[in-house]
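Here is the structure we will look at.
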Amino acid sequence: MPVEDASQEDLIRKREAFETHVSTTHWPNAMHFGSNVAMRNGTPDPHNRNKPRKVPQLDERGYKLTGIPYIRQK
16 MPVEDASQED LIRKREAFET HVSTTHWPNA MHFGSNVAMR NGTPDPHNRN
66 KPRKVPQLDE RGYKLTGIPY IRQK
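In this text, residue positions in the sequence shown follow my numbering: the first is 16, and each later residue adds one.
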């Protein structure tokens, strides 16, 4: 979806989700946050984590897909 269809508020929320490692959709203008908390015997699995094992290293295209470069500075 073209980034032009996303508001600045959408892009800011997407940046915050990226920085905090929260799952999102690929739609820049319809932000849906999510998490996948694995359960074990009705309680959160003790091996759950809130950060990836390896922090993503983005190339230029990947960085653009985050929407961050399109946030206008105030």
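For glycine and all other residues, C-beta sits at the position ideal for the given N, C-alpha and C.
A quick note: this is a predicted structure, and the numbers were derived from the prediction, not measured.
As a quick exercise: from the options, pick the residue whose alpha carbon is nearest that of residue i.
{"i": "Thr-35", "options": "Pro-84, Lys-66 and Ile-86", "result": "Lys-66"}
{"i": "Leu-73", "options": "Val-18, Gln-23 and Pro-84", "result": "Pro-84"}
{"i": "Arg-30", "options": "Pro-59, Asn-63 and Gly-82", "result": "Gly-82"}
{"i": "Arg-64", "options": "Ile-86, Gly-57 and Ala-53", "result": "Ala-53"}
In this structure, how does DSSP classify residue i when only helix, strand and coil are distinguished?
{"i": "Arg-55", "result": "strand"}
Give every residue of the same chain whose Cβ lies closer than 6 angstroms to the Cβ of residue i, excluding the five residues on either side of it in the sequence, and list them in chain order.
{"i": "Asp-60", "result": "Ala-53"}
Using a Cβ-Cβ cutoff of less than 8 angstroms, which residues in the same chain neighbour residue i once the five nearest sequence positions on both sides are dropped?
{"i": "His-62", "result": "Ala-53"}
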